[in-house]
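A.B. asks: Got a structure for you, written out below as C-alpha cells; questions coming shortly.
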Amino acid sequence: MGFRVQYRSRRSAARAGILRTAHGTAHTPFFMPIATRGAVKGLTADDVRASGSRVVLANTYHLWQRPGLGTLKRAGGLHRFMAWDGPILTDSGGYQVFSLSARRKITERGVEFRSEIDGKKHLLTPEKAIEIQHALGSDIIMSLDECPPYPSTRVYAAHSLALTTRWAQRGFDRMKKFRSKKQLLFGIVQGSSYRELRRESTRQLLNIGFDGYAIGGLAVGEPAEKMYQAIGWVEPLLPKDKPCYLMGVGKPEQIVEAVRRGVDMFDCVIPTRNARHGTLYVWKRRALTGAFYGELRIKQAAYAHDVRPIDPRCDCGACRQYSRAYIRHLMNTGDPLALRLATVHNVRFFATLMEAVRRSIRTGTL
RNA sequence: GUGGCUAUAGCACAAUGGUUCGUGCACCGGUCUGUGGCACCGGCAAUGAGGGUUCGAUUCCCUCUAGCCACC
C-alpha cells in the first residue's frame, strides 16, 4: 500500500510513479472517471476496464443516501456491488457541501443535508464520512472537507479552512480505530485563492500526516491561472513521497499543466458529462503542447453523412466499429446506446491522454 | 362528382378583428470541472393564392389551389 515515484522530469515538477492499493496498482499520473452512484454513467465495469482507466471515483454522500449502507454491506462492499475489482477512491461528500449548498447547513459537528430523496435531515460528520467509506471498502478515503465557493472572502476562507483541518483531524482519529492498513486516507487542502491560507492549510494537514494530499476548492469557477497559482503554492510544501491529487480537474490542457506542477491524480465529470451532451474529444496532434485536441459536437448536421470514426486514431470500442453518422443518429433519436458509445470514447480519450502524459514524463518531454 | 373539415416556421401543433403570432422537434451557436440533470443558455425561421367586408384581416365572407374524411 502506498506510493512510489519512478521518474522525475528535469523540465518541470512532473513525475511518474506507482500507487499501490488493496485492489491493484495504478501508474501515476492517472485520471479517474466518475462513478458517483456506483457506475460510470452508461458503462459496464468491463467498459471501464477496457478504457484503460485503473481507478474510479465514487461518492460517499450519494451512495449513503441511496442505496444505503445496508444494501452495500449485504452486497459485499462497493467493489462487488458494482463488479469493479480495481481501486476505488471515494469522495467524502465535501463537494456536495458546495454543489448542494441550498440543501445543507454547516456546523462544527458536520454537514446537515436535507435529503433530495425523502426530505429527511441527515448529519454527515467527519467521523461518519470515514465510517461510510470504510464500510464501502474504498481504497482511497477522502477526509470530509468544506469546499467553499469562488470567490470567497479571506475571512470566510480562513474559517472554512480551519474547520476543514479540524474535520481532517477528527476523521484521522476515527480512521485510526479501524487500524485498516488496506485503505489509504487523504487530507484535502483548502484556502481558496489566498496564498497564506493555502500554505497554512497544507502545513496543518502535514502535521496530521496523511497517505496522500488533495488540493480541493479549485475548478469551482475561478480562472485557470488562479488554479495553477494555487497548485504552485501548495505542491512545493508536500512530501515528495506522497501522492498529490487535484480534485475535480479537468480539461485536458489543465491536466497537463497540473502534471507539470507536480500533480499525480485527477478526476472530473467532463469526459462523461460531455459525452452525454454530445461533445466528443479528438486528437489534433500527438505532442501535448498547444491545441493538441479538439471538441467534436456530434449532434451537428455536418456529421450526418460522415462515415469516419469519431477519431481515426482512437482505439476505443466506439471508434473501432461505429461511424460519426451512426452515433449522431443514435444521439438524435435518443437511443441509450449513443450515451454508451460517446462515453466509451471520451473515457478512452482521457485514459490515452494520461498514457501520453506518463510517456512524456519518462521520455523527458514534459 | 357531392358534402364536410383543414391550410400558421423545415415538421407537429398553439393563439389572435388592433403595437414585436407562441410551444415542441429539427437546424445553427454556446455552456458544463471532487455529477441531483441524455441538462441548460442563446439564435434562425411562418399566417397557401386571389378578391371582399372593415379605420384596420392571420382571424369574418367568397373564389381558387392543395390535403384529409364521408357519401355516391
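Take the first sequence: its position 91, counting from 1, is numbered 91 in this note's numbering, and each next residue is one higher. Glycine included, C-beta positions come from ideal geometry on N, C-alpha and C. Predicted, not measured: the structure shown is a model, and the values here were computed from it.
#1: Let me check understanding here. Comparing Cα to Cα, which of Leu184, Arg313, Gly191, Met175 lies closest to Ala162?
#2: How many Å lie between Ala14 and Pro243 at the Cα?
#3: From Arg358 to Thr28, what distance separates their C-alpha atoms?
#4: Out of curiosity, what's the CA-to-CA distance linking Leu205 and Arg66?
#5: Just to check my reading of the structure: Val354 and Leu184 have Cβ atoms closer than 8 Å, yes? What is that Cβ distance to the nearest angstrom?
#6: Please state if the CB of Leu197 and the CB of Ala158 are separated by a distance shorter than 8 Å.
#7: If you draw a straight line from the alpha carbon of Gln361 to that of Tyr7, how long is it in whole angstroms?
#8: Compute the distance between the beta-carbons of Arg324 and Arg308, then report whether it is under 8 Å.
#9: Closest by CA to Thr343, which one among Val189, Val48, Gly94?
#10: Helix, strand or coil, according to DSSP, for Trp64 in the structure here?
#11: Quick check on this structure: which residue in Ala224, Gln169, Ile188, Leu238 has the alpha carbon closest to the alpha carbon of Ile208?
#12: How big is the Cα-Cα spacing for Asn59 and Leu69?
#13: When the Cα of Arg74 is compared with those of Arg114, Ala135, Glu108, Arg103, which residue comes out closest?
#14: Given this structure, state the Cα-to-Cα distance separating Ile310 from Phe31, to the nearest angstrom.
#15: On a CA-only basis, which of Glu108, Gly262, Glu146 is nearest Lys230? Give me that one, please.
#16: Looking at Thr90: is its Cβ nearer than 8 Å to the Cβ of Ser53?
#17: Taking Tyr293 as the reference, which of Ile188, Phe349, Met82 has the closest Cα?
#18: In chain order, which continuous runs of the beta strand (DSSP E) of length 3 or greater are located wholly inside the stretch 213–285?
#19: Take every Cβ of the stretch 121–135, pair it with every Cβ of the stretch 34–49, and state whether three or more of those distances are shorter than 8 Å.
#20: Find the nearest neighbour of Phe3 within the set Arg203, Ser9, Ala22, judged by alpha-carbon distance.
#21: Nearest to His305 by CA position, among Gly248, Arg174, Tyr326, Leu238, is which residue?
#22: What's the gap between the Cα of Thr289 and the Cα of Glu108?
#23: According to DSSP, simplified to helix, strand and coil, what is Thr164?
#24: Going by beta-carbon coordinates alone, are Lys41 and Thr272 separated by less than 8 Å?
#25: Going by beta-carbon coordinates alone, are Asn274 and Asn332 separated by less than 8 Å?
#26: Between Ile106 and the rest of its own chain, which residues show a CB-CB distance below 7 Å, the 5 nearest in sequence each way excluded?
#27: DSSP three-state call for Arg320: helix, strand or coil?
#28: Using alpha carbons as the reference points, say which of Gly212, Gly250, Leu238 lies closest to Met227.
C.D. replies: The structure says:
#1: Gly191
#2: 12 Å
#3: 7 Å
#4: 31 Å
#5: Checking the sequence shown, residue 354 turns out to be Met, not Val. The C-beta separation of Met354 from Leu184 comes to about 20 Å, leaving the pair out of contact by the 8 Å criterion.
#6: yes
#7: In the sequence under discussion, the amino acid at residue 361 is Ile, which differs from the Gln named in the question. Computed Cα separation, rounded: 7 Å.
#8: yes
#9: Between Thr343 and the set Val189, Val48, Gly94, the nearest pair of CA atoms involves Val48.
#10: Per DSSP, reduced to three states, the secondary structure at Trp64 is helical.
#11: Closest by alpha carbon: Gln169.
#12: 13 Å
#13: Ala135
#14: 21 Å
#15: According to the sequence displayed, residue 230 carries Ala and not Lys. That would be Gly262, whose Cα lies nearest to the Cα of Ala230.
#16: no
#17: Phe349
#18: 244–246, 265–267, 279–283
#19: no
#20: Of Arg203, Ser9, Ala22, the residue nearest in Cα terms is Ala22.
#21: Of Gly248, Arg174, Tyr326, Leu238, the residue nearest in Cα terms is Tyr326.
#22: 45 Å
#23: helix
#24: Going by C-beta atoms, Lys41 is nearer than 8 Å to Thr272.
#25: no
#26: Val97, Glu146
#27: In the structure shown, Arg320 sits in a helix (DSSP, three-state: H, G or I).
#28: Residue Gly250 is the option with its Cα nearest to Met227.
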